[in-house]
Each structure stands twice: as structure tokens, then as C-alpha cells.
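One structure below.
Numbering (this note's numbering), first residue to last: 9 to 863.
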């Protein structure tokens, strides 16, 4: 095949065809073959580049490099594509070919983004967009706008993402660029699916399919969208629908004779069968996918297929085979510098080593995977998020190390690792809503941090690119020094701006001193859960009468699948006022708290650090063997991690004088009645009520910093897919710059001095609720703004019951906490018990939880 291409060029030259005409012919063929035969297209562009070199034509070289870069990109060799695009940029600049330069910069930006350097992708994409506007190419403009929007979404600026995507779609539709519009819908769908927003992503993909059918597109184009829809259905757990989409896609790809598409669908089908437990069928599909991906030479595809086959082999107990496959996946991901795949491939490698009894080697594999995740966070704290959701894809190695530490009797090490995992979860919940968390820093500090994080990123890539042990060791030494310089700078930075550590969720590991701080007396217990595929574990910390802290751990006789099923079922029972809830409440108590009964004996308050689906579980409504609800014997409050809880305690305000209240109420009769009762509780002189025309976002922002207690009796949504876009509906004035939605990301920037905030009408958006992201995001936003305690609901409660509970809570708070407003969890406990003893179903009181400082 390659010989024929070379012969074609030689024949064109021998026939004395004009050299530029021969070049144009090669480029035209290369562009056609990019969609159907990548090796052939690569040779055509290489021949075109050789001819451009002979012609000494920089413009032609830029065009050839653009085509060759596109081929390398399609082959999944992103480092080679980036290098090729950058060479093309130099040539196009020399030739002053604005259009080709814009195309090349688009490629540079995409490669930087996909190789884990989103901040480095901004400049080329923005410059490319400017040049595309200069040459007034609507197709190129809308394309770059679309990719820039995706980048902004990855960096957490969802509003900018949506604005750019809307502009791109408007241009595409105005200019009848249906193909571009279809691609935009495809990209938006894929982006939302990768962020865990599966239903929204599916909607975009279905729009893309409708346009694809309208365009009478090729089998390949239809198959690509069908395959993407299958991935969305798979992530939603709709296996049968996913399989149907995959089968349709496979038929189209076979009709198009597209080997890459066939191999991709085989990989997806293998993943589906593996998730259904059909590991033998998965292995068969993945064997064929690997054979085809190897023949094509698609680096990313070769890795992903092997990653799935390694897990299927482990499912079949073919440990030796899994080890060999995982080693191949790790090797290929190192070769192509694909960090995300390397991070994931190290996990089945570690699992296989562990099953073979090679514990030290397994620990090294799991540790390397964790370090890759943590290094990416370390180099990104200066602003934004890498756009890759940590949660399900990257938590495996943390859980593996926790289990190993517990097996080895290293309880504190296991707790530190659990806290590290929760810290990463918190980081990923917070950062997507706050791009560039630097507003407390000087310009010089921002520049220095950017320089140091750039050094870490560059040297990290140098380590990955090292071709021999000597160079790798030298690069690693330089990387270690760069990390030390960065962390020394951040230590000084946080000394000058301690609020930055909270804003960024860049929290240190817990220490014995932290445990002592969080255990003020012998009547308090701390419980931290880990929910993993390797088991469910509980850590319990208590203090005896002599002040000695004790830390123990317990494996629990419940699986992750049972936790997910039973916690959600129990939440639904309570939210629907099911009268038969007590049986499940007793079972869950026995599973989750029964093994801890000795440690809980005599404890009056319990801080719970949930994990996974336990964030959806109202522990306070669980029923002990005595028949009493947990809330009757223990004041309960929650936190995203122990070290996060320690941060809220250290941020506690020691108020002086009578507590003051700012209440914002929705225009509803019950809310107005609630406000009047609260005025009576706090006193007219210490209470400000924002209602009717004054219940506005701008008014609340202007007033909130003056009060010690904030109460918002208005609708709110806790968004677990994009936590910093959780919001409270607070109203707006005509012509105001505010939109009436007080979002968590906006709260981060406020300067509050409140002891606590009460959100009395929130509900959780029930999409993905893996780690309590919506609740955590909103409560952390208030902490960063200066409010260490949040009272919030997990489901929508009838207004009369809400008002009764909330007014009782405030009364108890003032009665038990005095001017300092301590005893926050106890105040909610007493208000809840009063409703319980009045015959109220847990629906009316169990939805409300204290998050943060409940002491």
C-alpha cells in the first residue's frame, strides 16, 4: 500500500506534472483517506511534505503538517500529533497563511487539552479563534468555538462553556453548517456523559443522531453517534438499550468497512459484558478488539481494550493472563504518554499482583496510580480542574491501599489514605465551579505559582518521555525538586492567605492532634466510612475520660451494592412517608452501626463522615435494637472528611452579643409565617426579613455579611453533577445584573461572618449522587465564605412541617448555645425529637442534617 503511494508521487513527477499540482493532489487524497484509511493518508501527507520541502514552500509545508497532524490525532498518538501541529504552526507563520495557521492552532489546543494540559490549551485555541474570525470562515469559527467551549467546561466554567457552544451552534445554523452542528451536539453529548451528566448528554447525542439522519450521512458517521449513545445508556445502567445501540453501530461500521469503528464497538461491548458479569463473552470481544487496534496502531484504543480485557480476565480468575494484559496496557500508555490510561491500567496490574501474593509490587502499582492522580491535582491548584472526574474512574487504587493497610493492622495509615481519597473527592467537587482560585493573591504570587506549576507539568511530561533509565532518573530528580519548590511556595502562600487552603480544598492529611481537636470530650465519637468494591469499612475515634484518643476500624457485613440499593431505598421510603420504614431502618442500623455499638456506648453526639451512597442515607432515622431512632440517643452531624471538619472547627466564630438573623423568605404564606416566628425568636431589633420585592439576590449579598445567622426559606437545588452550580432561588429585580440564582460558586466569593446558615427548602437533584457532591459543594462554599455550619435538607419537605422544625431548631439553638451558638447538632436533635414524639413521620424531620461544625 505505501509503495503504491510513493510510486504515485514518482509517476506525477516523472510525467512532469506541475509540482504544486502534484502536491495539491496528494493533499486532496490524504484528506479523503483520513476518513477511511489512516496509514494510507499518513503516507500521502508525508509524500506531500517531502514535495513541499523540495519546493521550499512554507505554506505547503504548513498544509501538509496540518493533514499529517490530523492523521496522528485520529490514530490516537497525541504527542506525535502535537509535535506535528507545532511544526506546522512554524511553517504557516513563516508563510503568513492565516487560515492554515488557525486550523493548526486548533489542533495544538486539542492535543494540549487531551494530554492533560488544559491551561496550555487556552492560548492556541483563543489565537486560532481570532485568526478564524479574521479570515471570516464560519465553519472554522464555529468549530474552534465548540472546542473552546468544551475546554472551558473541562476547566469548570460551565457558563462560558454553554455561551461558547450556543454561539457556535448559532453560527452553524445561520450558515446551514449541519455537519458542524451535528459535531457540536456530538461533542456536547460526549462532554456531559464524561462529566457524569448522563441524561443531558444523551439528549444532545439524540439531537446529533437526528441531524445525522437528516444529512443522509455515511454509515461511519451514523455509527459514531450510535456508539456514543450506547455509552450514555451504559453509564445510565440501561444495558439492553446500550447493547442495541452498539449492535446498530457495529452493523454500520461493518457496512463502511471501518476497522477502527468495529474495534471501538467491540471494546465497548466488552466493557458492557464485563459489567454484566459475562466475562467470557467480554474476553472474546476484547481479544478481537485488541487484534484490530494493534493492526491499526491506535494507541489509545490499544490501551483501553487491554484495560478492559485485564479486568475480564480477573473476573475469570485468569490472574496470570490478567497480569500480562495489564502490563501491556501500562507499557503502551507509557509509550504514548497517555496519563489517564496509565493511571487506570495500574489498578488491574496491582490487583493481579496482589492475587499472586506479590504484595510489595502490588502496593507499588497502586501507589503509582494514586501519585499520578495527586500529581495532577498538585499542578492544577493554581486554577481550575483537569476536567476528568475523579470519582468512579480513579478511586480504585485508594481503596486498594486502604484495604491493604487494614489487613496489615496499620489503622492510622488506612485512615490517612481514606482521608486522602475524600480530599480528592472534595477537590473535584469544588474546583469545577471556580476557575482560577487566586482572588486572594497578588499579581506576583499568581505569576510565581503559574511558573512553578508549569515546571511541575513540564517535568512530569519529561519523566514520561524519558527513553532510558538514566534520563528518567535525572528527570525524576528534577521533578522532585520542582514539586518541593512548589510546595514550599504554597506553604508560604497559605501562611499569607490561609483562606486559599479552604477555597482550594487543598487540605493536609489528618494528625493525632486533629482527632483530639474533634473529640472535645468522652461523650463524642467520630465515624468515618469507606464504601468500596473491596468491602465496607468503618473507622471509629473516641476519647476516654483521661483524654486518651482511641482509633479502631471494623469491616462491615454489607457490600457496596447493598449500600447503594438499601440507602436509596430507605431515602425513598422516608421521602414518600412509607409507614413500613422501620424494618429497613433496623436492618441498616444493624449493618452499619451494630458492629460499632461498644464504641458508641455512652456517646451523646456523633460526627459521621459518609462515603459513596451513604451520603444519601439519613442516619438519624435508623432504628437501634432498643426500638429507638438514632436521633433519640445521639446528636448527629456530617462532614466530607475529618480534616475538613477540623477546618470548620478552626474557622468557628466566637460571637459576642446577641445573635442576629437575616432571613430571606419565598413569597409563600407558610414562609411568611415562619419569618414572623423567627423574628419573635431572635427579637425584632436583631432580625432582618427580606421578603416580597426585597427578597433579591443583590440585596441578600449586600446584607448577608452583617449577620451571625442566615436563614433562607426558598427553593434550592443541590446539584451533584456540577456541585458549584447548586443554587438557591432568591429572586431578582428587573434590569439587575443578577439572575436570581444564588449559586455555590458565587457564595465562594462572598465575605460572610455567620455562625451558621439554614437552607430550609432545598432538595437534591437526583441524578448522579455518588459522593454527596451537591450537599458537600454548597456547605463548603459557605465555609469558604466564612460560615462553618450548614443545615440543609435532602428531600423536599411539606412547608408546614419544615416551618415547625426550623422554628424549633432556632429556639433550641439559642437556648442551648447561648451567645456562642454552640450545640448546633443538639439543637436539631431536640427539635427533631419533639416532632417525633408528636407522632410525626421521619419524612418531616429526618431530611434535615447539620453539615460542618455541629459542636
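For each residue, glycine too, the CB sits at the ideal point set by N, CA and C.
Quantities reported herein were computed from a predicted structural model and do not represent experimental measurements.
Give the range of the alpha helix (DSSP H) segment to which residue 40 is assigned. First-last of the alpha helix (DSSP H) with residue 40: 27-42.
Going by CA-CA distance only, name the one from 451, 464, 434 that's closest to residue 380. With distances taken between Cα atoms, residue 380 lies closest to 464.
Please report how far the alpha carbon of residue 640 lies from the alpha carbon of residue 450, in whole angstroms. One C-alpha to the other measures close to 51 Å.
Could you tell me the distance, in whole angstroms, from the CA atom of residue 574 to the CA atom of residue 208? Spanning the alpha carbons of residue 574 and residue 208 requires a straight line of approximately 26 Å.
Close beta carbons around residue 760, own chain, < 8 Å, minus the five adjacent residues each side: Cβ contact annotation for residue 760 (same chain, cutoff 8 Å, sequence separation greater than five): 712, 713, 718, 790, 793, 794, 795, in chain order.
Can you say whether residue 850 is buried or exposed, counting buried as having 16 or more other CB atoms within 10 angstroms of its CB? When all chains shown are included, residue 850 counts as buried.
Secondary structure at residue 690, three-state DSSP: helix, strand or coil? Reduced to three states, the DSSP call for residue 690 is helix.
By DSSP, does residue 566 sit in helix, in strand, or in coil? Here residue 566 sits in coil by DSSP.
Give me whichever residues DSSP pairs with residue 718 in a beta bridge. Residue 718 is bridged to 670, 765.
If we ignore side chains and look at the alpha-carbon of each, how far apart do residue 420 and residue 731 end up? It is roughly 30 Å from the alpha-carbon of residue 420 to the alpha-carbon of residue 731.
Cβ pair residue 271, residue 306 closer than 9 Å: Cβ distance < 9 Å, so residue 271 and residue 306 count as in contact.
Determine contact between the stretch 285-293 and the stretch 253-260, defined as no fewer than three beta-carbon pairs at a distance below 8 Å. Because the criterion of three Cβ pairs below 8 Å is not met, the stretch 285-293 and the stretch 253-260 do not touch.
Any contact between the stretch 369-376 and the stretch 499-513? By contact I mean 3 or more CB pairs, one from each, below 8 Å. Touching, no.
Anticipated Cβ contact below 8 Å, residue 645 with residue 846, distance rounded: Actually they do not touch by this definition, with Cβ atoms about 23 Å apart.
Secondary structure at residue 802, three-state DSSP: helix, strand or coil? DSSP, reduced to helix, strand and coil, places residue 802 outside both helices and strands of the structure shown, so it counts as coil.
Using a Cβ-Cβ cutoff of less than 7 Å, which residues in the same chain neighbour residue 68 once the five nearest sequence positions on both sides are dropped? These residues qualify, in order along the chain: 31, 60.
For residue 191, is the classification buried or exposed, using 16 other Cβ atoms within 10 angstroms of its Cβ as the cut-off for buried? That one is buried.
Please report how far the alpha carbon of residue 227 lies from the alpha carbon of residue 461, in whole angstroms. Going from the Cα of residue 227 to the Cα of residue 461 covers about 45 Å.
Quick test of the definition: if touching needs 3 or more C-beta pairs under 8 Å, does the stretch 512-519 touch the stretch 610-618? By the Cβ test, the stretch 512-519 is not in contact with the stretch 610-618, since fewer than three Cβ pairs between them sit closer than 8 Å.
Run of the alpha helix (DSSP H) containing residue 784, from where it starts to where it stops: Start and end: 781-793.
Can you name, in chain order, every residue of its own chain whose Cβ lies under 6 Å from the Cβ of residue 549, other than the five neighbours on each side? Within the same chain, residue 549 has close Cβ partners 523, 534, 559.
Excluding five sequence neighbours on each side, which residues of the same chain lie with their C-beta closer than 6 Å to the C-beta of residue 852? 809, 843, listed in sequence order.
Ordered along the chain, which non-local residues of its own chain (more than five positions away) have a Cβ less than 6 Å from that of residue 543? Within the same chain, residue 543 has close Cβ partners 563.
Leaving aside the five residues before and after residue 686 along the sequence, list all residues of the same chain whose C-beta is less than 7 Å from its C-beta, in chain order. Only 669, 671, 695, 719, 815, 818 meet the Cβ criterion.
So the beta strand (DSSP E) residue 726 belongs to, where does it begin and stop? Per DSSP, residue 726 belongs to the beta strand (DSSP E) from 724-726.
Can you tell me which of the three DSSP states residue 491 falls into? DSSP, reduced to helix, strand and coil, places residue 491 within a helical segment of the structure shown.
Put residue 559 into one of helix, strand or coil per three-state DSSP. Under the three-state reduction of DSSP, residue 559 is assigned to strand.
Is the number of C-beta pairs between the stretch 113-124 and the stretch 139-156 that are closer than 8 Å three or more? In short, these stretches touch, since the Cβ pair count reaches three.
Using only the alpha-carbon positions, how far apart do residue 310 and residue 698 sit? Their Cα atoms are separated by approximately 60 Å.
Consult DSSP for residue 837 and reduce its assignment to one of helix, strand or coil. Residue 837 sits in a helix when the DSSP states are folded into three classes.
Where do the N-terminal and C-terminal ends of the alpha helix (DSSP H) with residue 406 fall, by residue? Here the alpha helix (DSSP H) through residue 406 covers 404-415.
Just to confirm before moving on: does the CB-CB distance between residue 800 and residue 750 stay below 9 Å? No, the Cβ-Cβ distance between residue 800 and residue 750 is not below 9 Å.
In terms of alpha-carbon separation, which member of 110, 155, 120 lies closest to residue 138? Here the closest residue by C-alpha is 110.
So, at 7 Å on beta carbons, what are the nonlocal neighbours of residue 557 in its own chain, with the 5 sequence-adjacent residues on each side left out? Answer for residue 557: 520, 523, 524, 527, 549, 551, listed in chain order.
Straight-line CA distance for residue 108 to residue 715? Each residue's CA atom was taken as its position, placing residue 108 and residue 715 some 58 Å apart.
Within 10 angstroms of its Cβ, does residue 407 collect 16 or more other Cβ (buried), or is it exposed? Around the C-beta of residue 407, 16 or more other C-beta atoms lie within 10 Å, and the residue is accordingly described as buried.
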